[in-house]
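For reference, the structure discussed in these notes is given below.
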Amino acid sequence: MRLSYVRFLSGGRSNGSDNRYNKEKMDPFNYEDFIPIFIDMYREMPYLWQVNHPFYNNKPKRKTALDQLLEFVKPVIPTSPI
(Lines of atoms letter the chains of each structure in order from A and count residues from 1; the text may use other names and numbers.)
(Lines give C-alpha, C1' and ligand atoms only; values in the text may rest on other atoms or scores of the structure.)
Protein backbone atom coordinates (compact mmCIF):
# COMPACT_ATOMS: atom_id res chain seq x y z
CA MET A 1 0.00 0.00 0.00
CA ARG A 2 2.76 2.46 0.90
CA LEU A 3 4.47 1.93 -2.45
CA SER A 4 1.35 2.94 -4.34
CA TYR A 5 0.99 5.96 -2.03
CA VAL A 6 4.54 7.09 -2.84
CA ARG A 7 4.02 6.42 -6.54
CA PHE A 8 0.81 8.45 -6.44
CA LEU A 9 2.47 11.45 -4.81
CA SER A 10 5.52 11.47 -7.06
CA GLY A 11 3.92 10.59 -10.37
CA GLY A 12 3.04 13.34 -12.78
CA ARG A 13 3.13 16.29 -10.40
CA SER A 14 4.99 19.41 -11.50
CA ASN A 15 6.68 21.84 -9.14
CA GLY A 16 4.61 24.98 -9.13
CA SER A 17 4.75 26.22 -12.72
CA ASP A 18 1.09 25.34 -13.30
CA ASN A 19 -1.98 26.84 -11.68
CA ARG A 20 -2.46 25.03 -8.34
CA TYR A 21 -6.06 26.16 -8.12
CA ASN A 22 -7.10 24.64 -11.42
CA LYS A 23 -10.40 22.79 -10.79
CA GLU A 24 -9.18 19.82 -12.82
CA LYS A 25 -6.10 19.42 -10.61
CA MET A 26 -8.11 19.77 -7.39
CA ASP A 27 -10.69 17.15 -8.34
CA PRO A 28 -9.71 13.91 -6.54
CA PHE A 29 -11.78 11.91 -9.01
CA ASN A 30 -9.34 12.83 -11.80
CA TYR A 31 -6.71 10.74 -9.99
CA GLU A 32 -7.79 7.15 -10.51
CA ASP A 33 -5.79 5.89 -7.51
CA PHE A 34 -6.71 8.63 -5.03
CA ILE A 35 -9.98 7.29 -3.60
CA PRO A 36 -8.89 3.61 -3.30
CA ILE A 37 -5.60 4.60 -1.64
CA PHE A 38 -7.38 7.00 0.72
CA ILE A 39 -9.87 4.28 1.70
CA ASP A 40 -7.03 1.80 2.28
CA MET A 41 -5.24 4.30 4.51
CA TYR A 42 -8.46 4.93 6.45
CA ARG A 43 -9.04 1.18 6.88
CA GLU A 44 -5.54 0.83 8.32
CA MET A 45 -6.59 3.20 11.12
CA PRO A 46 -9.47 1.36 12.84
CA TYR A 47 -9.27 3.67 15.86
CA LEU A 48 -10.88 6.35 13.65
CA TRP A 49 -13.97 4.34 12.78
CA GLN A 50 -14.27 1.30 15.07
CA VAL A 51 -16.05 2.47 18.24
CA ASN A 52 -14.92 -0.60 20.23
CA HIS A 53 -11.24 -0.03 19.45
CA PRO A 54 -9.15 0.72 22.59
CA PHE A 55 -7.75 3.93 21.02
CA TYR A 56 -11.09 5.21 19.69
CA ASN A 57 -11.33 7.76 22.54
CA ASN A 58 -7.61 8.59 22.49
CA LYS A 59 -7.66 12.11 21.04
CA PRO A 60 -3.89 12.48 20.45
CA LYS A 61 -3.77 9.16 18.57
CA ARG A 62 -6.80 10.14 16.46
CA LYS A 63 -5.34 13.60 15.76
CA THR A 64 -2.09 12.02 14.54
CA ALA A 65 -4.03 9.71 12.22
CA LEU A 66 -6.12 12.57 10.85
CA ASP A 67 -2.94 14.56 10.22
CA GLN A 68 -1.54 11.63 8.22
CA LEU A 69 -4.70 11.50 6.12
CA LEU A 70 -4.56 15.26 5.62
CA GLU A 71 -0.92 15.01 4.49
CA PHE A 72 -2.06 12.58 1.80
CA VAL A 73 -5.01 14.76 0.72
CA LYS A 74 -3.23 18.16 0.63
CA PRO A 75 -1.31 17.61 -2.67
CA VAL A 76 -4.60 16.87 -4.42
CA ILE A 77 -6.90 19.31 -2.57
CA PRO A 78 -4.71 22.12 -1.16
CA THR A 79 -7.60 23.85 0.64
CA SER A 80 -8.81 20.76 2.50
CA PRO A 81 -9.32 21.11 6.26
CA ILE A 82 -9.07 18.24 8.73
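The numbering of the sequence shown is UniProt numbering, which starts it at 1 and goes up by one.
Even glycine gets a Cβ: it sits at the ideal position worked out from N, Cα and C.
- For the alpha helix (DSSP H) assignment, the uninterrupted runs of no fewer than 4 residues enclosed by the UniProt domain "MADF" (38-76) are, from N- to C-terminal side, 59-73.
- Exposed is the label assigned to V51, since fewer than 16 other Cβ atoms lie within 10 Å of its Cβ.
- Comparing alpha carbon positions, the residue from R62, F55 and V76 closest to F34 is V76.
- Residue state for P78 is assigned as coil, using DSSP reduced to three classes.
- Within the same chain, and ignoring the five residues on either side of R62 in sequence, the residues whose Cβ sits closer than 7 Å to its Cβ are Y47 and L48.
- The C-beta separation of L66 from S80 comes to about 11 Å, leaving the pair out of contact by the 8 Å criterion.
- T64 has its alpha-carbon roughly 10 Å from the corresponding atom of N58.
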